[in-house]
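What follows is a single structure, written as structure tokens, with notes after it.
Number of protein chains: 4
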Amino acid sequence: MSTRRIGLWLIGACGGVGTTAALGLAALRRGVGETTSLVTALPMFDALHLDAPADFVVGGHEIRRSGFRQTVRELQKRSSIFEPDLATACQDDLESWEANIRPGTLLNSGPSIARLADRSDLKTSDTAREAIEHLQADLRDFRERHRLDQVVVVNVSSTEPPFETNEIHESLERLKPELDRRQAPLPASSLYAWAALDLGLPYINFTPSLGASTPALLELAEQRRAVTAGKDGKTGETLMKSVLAPMFALRNWQLLSWVGHNIFGNRDGQVLDDPTNKASKIRTKDQVVSSIVGYKPQTLVSIEYIDSLDDWKTAWNHIHFKGFLGTKMTLQFIWQGCDSILAAPLVLDLARLALLSQRRGEVGILSHLACFFKNPMGVTEHDFFKQFAMLERYVGEPAA
Amino acid sequence: MSTRRIGLWLIGACGGVGTTAALGLAALRRGVGETTSLVTALPMFDALHLDAPADFVVGGHEIRRSGFRQTVRELQKRSSIFEPDLATACQDDLESWEANIRPGTLLNSGPSIARLADRSDLKTSDTAREAIEHLQADLRDFRERHRLDQVVVVNVSSTEPPFETNEIHESLERLKPELDRRQAPLPASSLYAWAALDLGLPYINFTPSLGASTPALLELAEQRRAVTAGKDGKTGETLMKSVLAPMFALRNWQLLSWVGHNIFGNRDGQVLDDPTNKASKIRTKDQVVSSIVGYKPQTLVSIEYIDSLDDWKTAWNHIHFKGFLGTKMTLQFIWQGCDSILAAPLVLDLARLALLSQRRGEVGILSHLACFFKNPMGVTEHDFFKQFAMLERYVGEPAA
Amino acid sequence: MSTRRIGLWLIGACGGVGTTAALGLAALRRGVGETTSLVTALPMFDALHLDAPADFVVGGHEIRRSGFRQTVRELQKRSSIFEPDLATACQDDLESWEANIRPGTLLNSGPSIARLADRSDLKTSDTAREAIEHLQADLRDFRERHRLDQVVVVNVSSTEPPFETNEIHESLERLKPELDRRQAPLPASSLYAWAALDLGLPYINFTPSLGASTPALLELAEQRRAVTAGKDGKTGETLMKSVLAPMFALRNWQLLSWVGHNIFGNRDGQVLDDPTNKASKIRTKDQVVSSIVGYKPQTLVSIEYIDSLDDWKTAWNHIHFKGFLGTKMTLQFIWQGCDSILAAPLVLDLARLALLSQRRGEVGILSHLACFFKNPMGVTEHDFFKQFAMLERYVGEPAA
Amino acid sequence: MSTRRIGLWLIGACGGVGTTAALGLAALRRGVGETTSLVTALPMFDALHLDAPADFVVGGHEIRRSGFRQTVRELQKRSSIFEPDLATACQDDLESWEANIRPGTLLNSGPSIARLADRSDLKTSDTAREAIEHLQADLRDFRERHRLDQVVVVNVSSTEPPFETNEIHESLERLKPELDRRQAPLPASSLYAWAALDLGLPYINFTPSLGASTPALLELAEQRRAVTAGKDGKTGETLMKSVLAPMFALRNWQLLSWVGHNIFGNRDGQVLDDPTNKASKIRTKDQVVSSIVGYKPQTLVSIEYIDSLDDWKTAWNHIHFKGFLGTKMTLQFIWQGCDSILAAPLVLDLARLALLSQRRGEVGILSHLACFFKNPMGVTEHDFFKQFAMLERYVGEPAA
């Protein structure tokens, strides 16, 4: 049907999420995988003719030596996912896509991420501008070598420490001259975002890092007529919060406390074990409930690295609420999900929907994608079902 | 504000749910209780000027000797609910309302319910018509003695065994002559429903029993211009199902199995320990998930009587689902709620909303109340949020 | 060290437990597996010089066409266990051991087990004696062809329906003549037990089926100077009960209720879905707690077949207990274990310990093996730690 | 039987634990409470003729204005414990015992505890010696006014911050002269311990604070022929660890990680919300598992203050372990217990057993009481059942 050629460029490509997205694309191309858990495979999207798996070529930036095939083997061994037959059928695609991996930048990525870097070909840049130019050269090369009609950039790398913005990030005019200073004015995630948006490419931030979430970068997106969406894919515990909190609100139960403990053991978890990186994550996880119910129950969110769990994130939530005549009651849930498996299909969904928006000539924040994010850019609504209704209105079709 | 006088007539009045509803009304009248968990206390209902707690007088049918005050004491002692101060402040109201309790009927209520009956003044009826006439005499007497503008009837009694309907229940014409036969053609719950609807009174079925859920009784409601709603209050586990199943559908995860085990120890539980009575309950609980996701995962629902739990219902649900690339993941939840405390505010909500509909001249099934029921009459939608949207449309206001 | 040659004969050989036991032996022989979860690998057993994995040859009876290698593949695919490298390294051993599989008997095994049988070479026997003779011929052939010093027989087949014994099972003299009648006086599990004990071989019953648990068969064991132990391997939920109940007893907390719901989806589960087979299982699971605390709290045990869980058994237990001054408190646990993985090492432990006893000239029930069984033959103690102390006394060494 | 008069002196008397212990004694005296959860009510202790509840008079030190009756009311209202009838029957005893409460000392108790102090009659002491003399005057006065044969002192106050000891705490000779310095050389808990032991009174430390756990204070105990035991009552999560870890050891499963999250909302929790005080607690909770299994799995223990939970401590534990052939499996438990209710009976048990030891002429650490403590003084064994066996050997009777 489609004869478009599409590039999916992943930042942090060979981590669990990027690798699973690549493997998933390959499996769908080869007919050995199902579309289960691809939101865009729901019938409501049929009429949009989104890009098919067969249209995609994968590339990306990576600071580690690892490749897709090695990460697949690690996930098989440590996390018991990916059936051998499926993985085998996709080896050729993964091998050819590995040739599209480029080293990326460590500039302002923070010490925990820098510690992971082990590629010998990582370029050091003295200024933000220099780093951006390197990144853009990689993107242009990818587009040209594969004669791609569109390229979408998705950040699936590990979480950076929080980055405090100030008045220089308020406008493009203020920020631009800072790019040439020795002290880079943006964290790594925003350098990647700049590189993409400045080339007019759709940029999706699947992480809680800063990315394009400053007025200056949004101005750049407008100027280059690029689309963007983020931040932080809503994959598990926070999705549950955004589904359950509306129930408490509509039943007029009073939330007393909501405690969430998360344990997991993948590389992302190792980075989050650094308290400064963790702070970014907890910030986006902790606002959802209060925002939905309209008041602030006592909340607690912890994320802890437990090596033996590998990619399996277990979340225990204890929700204490007051019902009629002062009676306190309890709901607890235990979520046992595999992080990469949860995230990867959403990455493909977001890529497909951003590519459509780009073709349709939309510009700036894609607020109809709020249901995919813990902390949706440009949207204050956290109720999952109200967010999904925004997507239904965009598509012009109800889900069922 | 309002000078209406309202009667709330409870079938199974002195059980946990009826007693908590009565106590709640008294507490709200006396200013010692809060409106937490009354849905109709949400701001979206403000403009409707629903009946205030102070407008209500309570009465009802009961087959056991117990009174509101005794049940309050039992719930305090066995289930550790109701603060002593609150209960004390409401003693006078409860005492005066106990004077409005009448014996009710055991005709066709099944052996497990009949075993609970210990009132010496229970009338035996030879035919359905005779039973209905007794019940109606009680209702008329209640209305007249208290000079009530409106009376709403709510069934909060224990669950009957399933009752198989046939062609005689398809039309009023066919059913009416059967009322005079020795073999009553309706279960007890439907006799109460008939009594109410035939007097033009709103009838709410908070239980899974048959009640008004047959074409013949709905025809009667139309004829008498009465409103009705049911069946089976959606208080805990099933509410959770109707909240969570849409998440699985909209994320395109494939439900593999959904197992729900419920344990509790109140009188309702004792009755449900009779396998025939339990069958009614499980039937309404087991259809929700399939109806929402559009296919049939393996489901299992059990309800077991565990004496020590008293009115505290604990539900463990194990939800097994398939995500991307065939990976199976698990969500479990544990719900620990107090049955009477969960149900009673919904009884008050339903009474208030049915009274409004009656005043507005509506007739027949109140389908906008679907969000209150496990098995909503006249509605196939089980998604809690879509059901709530029906209520919002009726009210003309979003919840927030 | 040892130059003994040992045969492990498994009844129900190619099910999950038997296959995992065979794979485990092969992996230990090949040095690709660890001794984790082999009780007999604890240092306390070092001085006993138990038979080493390299000494074993595996064979067994099986009513299905399946072989070890096929079951390994099924468990890999459906239950995500066994790393590919480990399984590959063991293929040759499994293949050669498959040649030792013989068809077994269906006589008196009940309809649910009979339905699983699909081998074309299953022999039908008219009498118990005929069946026993077939089974013994297989055992003798195995011993001779492999020139084995000892053969131990372990029943790891699916659970039979309960079999009611009567006075003919009280003595060998009464039972023997019945073996020639048309109506076999023993269930299949006891025919296998007879076959083994009559040849003087150690017989271990890892299932709740009758096996050797009647006076007549114990008499046979004495006569033939054979050892035996059983019944029903204590692998998960029941192990937990036998560990936790002593805590409640020694803290003088009063158990009010203990509810256990078990769900799993392997072949054993399919057989247990037959209510008569399930009855055998629940009977042995439900006595443990009362026996330890010395009174009867309300207990509930369910076992349900949930296809999607495959070999992963999930047990939710809700324990309600009374503490000081009448306060009720709750302990819940959720056990997620893989059935074959839990059971197989215990099979190897039991085989090694029974072989030792045989060599030492012991005869009859090996009561020091009580800690391995849900329903230990000849022992009323269910407290796991007291049972383990019996094993320590036998070995003459504390565990640590 | 006994005509001894016994004084129970509680440090932190009017907190939840002290109050529940006092109420429990009163209830048992009055015959309105049961002995459930008193370990010393097990039959194995019958022959020891321990002191009966009727023999006890209660007094204690307290830094807050609260009395037993006020704390009872607070626990009733906030935590829904203590039936009204039981509490009413004990009012007179509680009132008379309140007259025995004295203000205590804040010297070196740390800022979080000092913040709770609101009595106007708290004495400030310039030196440790001065504080000790005040405390001893209170103890002597209590003994004399009530003509008591024995007085036992139990520390049930909030947890202090960790106190670093040094060489001056190694001997009585080194420590004694320091008592007169401006800078007190001991934390408050040790001043109370000194006061008791120096008078020859049994001293029990139910908290993780330092108390008598230094060579110098143990020397004092020997000198004064006093007995002592501690530290930190083993009431819930840690008890579970000491019960479950032996199972993992004896089944030869390899513990990979053990995560424990604790949430609760009583005053003790508020004090533990101070990270320095919390450090004391976590230290004692985190060593149990490794000590039992003999290696160090990854462990994580958190304790968080969640206001709405009041005295109900909820602990979620996630235990990840490796079974046969490398397969990872999971056990989770959720413990929902009421802290005061769990602790108070153990306080009474310890008091009774320490009084017996004193009468028998024992001196120093009572190591047979290890099963009552998270961090037993003088004992390295953490396995609950081995600890209990020590108590059985002391008593000369098995539990059953």
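Chains as they are written, first to last, in this note's numbering: chain D, 1 to 400; chain G, 401 to 800; chain W, 801 to 1200; chain Y, 1201 to 1600. Each residue gets a CB set at the ideal place from its N, CA and C atoms; glycine is no exception.
Query: Distance between Ser512 (chain G) and Leu448 (chain G) (C-alpha atoms, nearest Å); Result: 41 Å
Query: Under the three-state DSSP convention, the category Met44 (chain D) falls into; Result: helix
Query: Neighbour-count burial assignment, Lys696 (chain G), 16 or more Cβ in a 10 Å radius; Result: exposed
Query: Where the beta strand (DSSP E) through Gly1201 (chain W) begins and ends; Result: Limits of chain W in this structure are 801 at one end and 1200 at the other, which puts residue 1201 (chain W) out of reach.
Query: The region 835 to 849 of chain W touching the region 976 to 990 of chain W, judged by at least three CB pairs closer than 8 Å; Result: no
Query: Rounded C-alpha distance that separates Leu975 (chain W) from Ser909 (chain W); Result: 19 Å
Query: Length-filtered (3 minimum) beta strand (DSSP E) runs lying within the region 1344 to 1394 of chain Y; Result: 1350 to 1355
Query: Residue range of the beta strand (DSSP E) that includes Leu1208 (chain Y); Result: 1206 to 1211
Query: Closer than 7 Å: Glu1597 (chain Y) CB and nearest the ligand MN heavy atom; Result: With respect to small molecules bound, the structure shown includes none, and the ligand MN cannot be examined in it.
Query: Within chain W, partners of Phe1533 (chain Y) - CB distance below 8 Å; Result: Leu1131, Gln1132, Phe1133, Ile1134
Query: Cβ of Glu83 (chain D) within 8 Å of any chain W Cβ; Result: yes
Query: Where the beta strand (DSSP E) containing Gly824 (chain W) begins and where it ends; Result: First-last for Gly824 (chain W): 816 to 830, but that is the alpha helix (DSSP H), not the beta strand (DSSP E).
Query: Contacting residues, own chain, Cβ-Cβ under 8 Å from Ser213 (chain D) (five flanking each side not counted); Result: Asn205, Gly230, Lys231, Met377
Query: Cβ-Cβ separation, Glu1360 (chain Y) to Ser1389 (chain Y) (assumed contact under 8 Å), whole Å; Result: 6 Å
Query: Near-chain G residues of the region 1372 to 1403 of chain Y (beta-carbon distance less than 9 Å), N- to C-terminal order; Result: none
Query: Neighbour-count burial assignment, Glu967 (chain W), 16 or more Cβ in a 10 Å radius; Result: exposed
Query: 9 Å Cβ cut-off: residues of chain Y touching Ala1199 (chain W); Result: Pro1446, Ala1449, Leu1450
Query: Interface partners of Ser80 (chain D) on chain W, CB under 8 Å; Result: Ser880, Ile881
Query: Amino acids of chain G, ordered along the chain, whose beta-carbon sits closer than 9 Å to that of Lys1528 (chain Y); Result: Correct list: empty, because the minimum Cβ distance to chain G is about 14 Å.
Query: Residues of the region 304 to 326 of chain D whose Cβ lies closer than 8 Å to any Cβ of chain W, in chain order; Result: none
Query: Gly1126 (chain W) classed as buried or exposed, judged by whether at least 16 other C-beta atoms fall within 10 angstroms; Result: buried
Query: Proximity below 8 Å, CB of Leu591 (chain G) to CB of Thr505 (chain G); Result: yes
Query: Distance between Gln936 (chain W) and Pro987 (chain W) (C-alpha atoms, nearest Å); Result: 16 Å
Query: Segment limits, alpha helix (DSSP H) that includes Ala351 (chain D); Result: 339 to 359
Query: Lys1277 (chain Y) at chain G interface by Cβ criterion, 8 Å; Result: yes
Query: Beta-ladder partner(s) of Ile319 (chain D), from DSSP; Result: D:Trp258, D:Leu331
Query: Cβ-based neighbour list, Leu1348 (chain Y), same chain, cut-off 6 Å, excluding 5 preceding and 5 following; Result: Arg1205, Gly1207
Query: Test item: CB-CB of Phe724 (chain G) and Ala344 (chain D) under 8 Å; Result: yes
Query: Where Gly859 (chain W) sits in the DSSP three-state scheme; Result: strand
Query: Assigned secondary structure, Gly1094 (chain W) (DSSP; H/G/I helix, E/B strand, else coil); Result: coil
Query: In DSSP terms, what Leu300 (chain D) is bridged to; Result: D:Val259
Query: Arg73 (chain D) to Phe372 (chain D) span [Cα, whole Å]; Result: 28 Å
Query: Residue interval of the beta strand (DSSP E) (run including Ile1404 (chain Y)); Result: 1403 to 1405
Query: Reduced DSSP category for Val1563 (chain Y) - H, G, I as helix; E, B as strand; rest coil; Result: coil
Query: Segments assigned alpha helix (DSSP H), at least 4 residues, entirely inside the region 203 to 247 of chain D; Result: 215 to 224
Query: Residue-chain proximity (Glu1274 (chain Y), chain G), Cβ-Cβ < 8 Å; Result: no
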